[in-house]
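Per this note's numbering, the very first residue in the sequence shown carries number 15; after that it's consecutive.
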Amino acid sequence: MSLLTVSSVAELREFVHQAKFKGLSVGFVPTMGNLHAGHMSLVKHANKQCDVVIASIFVNPLQFNDLSDLTNYPRTLEQDQALLEENGCSLLFAPTVDEMYPNGQGSQSIVSVPDVSMGLCGGARPGHFDGVATVVTKLFNMVQADKAFFGEKDFQQLAVIRKMVADLCIPVDVVGVPTERNNEGLALSSRNGYLSANELALAPAIFKALQDVVNAIQQGNDFDSTLEQTQQRLNQQGFKVDYLALCRESDLKPATAEDDQLVVLVAAFLGSARLIDNLPFPLNRTTD
Ligand code: PAF
């Protein structure tokens with residue numbers, strides 16, 4: 015089936031109405047475009063679990079706190095359409111800023127998700143998760159999908175969206191999809207396109223560092239000194255670490271030795287690219 019692209023909410027709603035009238039389940043993959051294999055993994059999961067897959071491409075100004083980051087964000091619509099079609103997506107919703115924010119961004123009602131939006135990327139990018147939560151709420155209301163698919167690479171974003179959906183009783187099933195990596199372990203991201211050849215060769219060290227933290231913690235090493243040493247090593251290798259944190263997986267509060275399921279999360283600049291990654295893991299305890 016060929017991909018249909020629409021830019022108005024009215025056309026989107028008509029498509030969803032027809033699908034639901036036929037009794038088809040709808041899967042939704044929200045994106046900001048510049049699609050890669052990570053996004054296609056979301057589309058593939060959606061295709062397996064739903065009858066019809068809708069994707070959106072919208073570079074959401076509300077979630078950028080740096081104007082040059084917003085301006086430079088890669089926009090590759092034709093290439094994205096080809097990928098979506100190849101992977102069995104039925105409809106692409108690609109609205110303009112005016113379609114998404116008809117009353118202007120300044121007077122848009124804002125969705126703010128407490129606790130889990132604080133710290134980590136929320137600390138480094140003030141207002142970012144309000145922008146994400148607001149646009150995702152609007153998209154959920156526009157699409158009214160049965161299931162929505164998000165990558166686990168954006169671990170904090172996924173936690174924010176899960177809490178928002180629970181707190182606001184939004185009738186959609188949020189599905190987290192495991193991170194896609196290249197052969198060297200680098201998490202796929204649109205921001206990898208900002209890396210030079212040398213930086214691209216160095217970038218997988220970020221995942222290696224996460225694996226080292228997991229091994230050290232599982233062997234019983236102290237949380238703080240493990241993080242400190244790993245952060246130092248990354249900085250020496252040429253990264254500029256924004257944060258390296260060990261959190262409880264369920265709510266991203268700082269990890270304690272009593273927690274069962276942890277996640278180590280990192281954000282680091284390599285050249286002009288801000289890379290993020292994470293690795294969830296169980297905290298094994300020896301019982302004697
Ligand atoms: O992860 C993204 O691409 C964006 O944050 C999202 C979820 C599409 C909201 O703009």
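Cβ coordinates follow ideal geometry from the N, Cα and C atoms, glycine included.
- In this structure, the alpha-carbon of Val125 lies about 6 Å from that of Ala147.
- For Val146, the enclosing alpha helix (DSSP H) covers residues His142 to Val157.
- One Cα belongs to Tyr115, the other to Gly252, and the distance between them is close to 40 Å.
- Set against 8 Å, the gap from the CB of Gln225 to the closest heavy atom of the ligand PAF is not smaller.
- Counting along the chain, the unbroken alpha helix (DSSP H) around Ile175 starts and ends at Phe169 to Asp181.
- The beta-carbon distance between Leu266 and Leu134, rounded to whole angstroms, is 7 Å. This is short enough to meet the 8 Å contact definition.
- Taking 4 residues as the shortest admissible run, the segment 176-260 contains the following complete alpha helix (DSSP H) segments, listed from N- to C-terminal end: 211-216, 219-232 and 237-251.
- Residue pairing by DSSP places Thr45 opposite Ile71 in a beta bridge.
- Short of 7 Å from the beta carbon of Ala269, and not among the five residues preceding or following it, lie these beta carbons of its own chain, in chain order: Phe237, Leu260, Cys261, Arg262 and Leu276.
- For Leu17, the closest alpha carbon among the candidates Leu76, Asn48, Gly199 and Ala108 is that of Ala108.
- Taken atom to atom, the span from the alpha-carbon of Asn155 to that of Val40 is near 13 Å.
- In this chain, Gln275 is not harboured by any alpha helix (DSSP H); it is covered by the beta strand (DSSP E) spanning Gln275 to Leu284.
- Around the beta carbon of Thr193, a 10 Å sphere encloses 16 or more other beta carbons of the protein chains shown; the residue is thus reported as buried.
- Taking non-hydrogen atoms of the ligand PAF into account, the C-beta of Pro218 is found less than 8 Å away from none of them.
- The beta carbon of Val23 sits closer than 6 Å to the beta carbons of Met156 from its chain, once the five residues preceding and following it are set aside; these are given in chain order.
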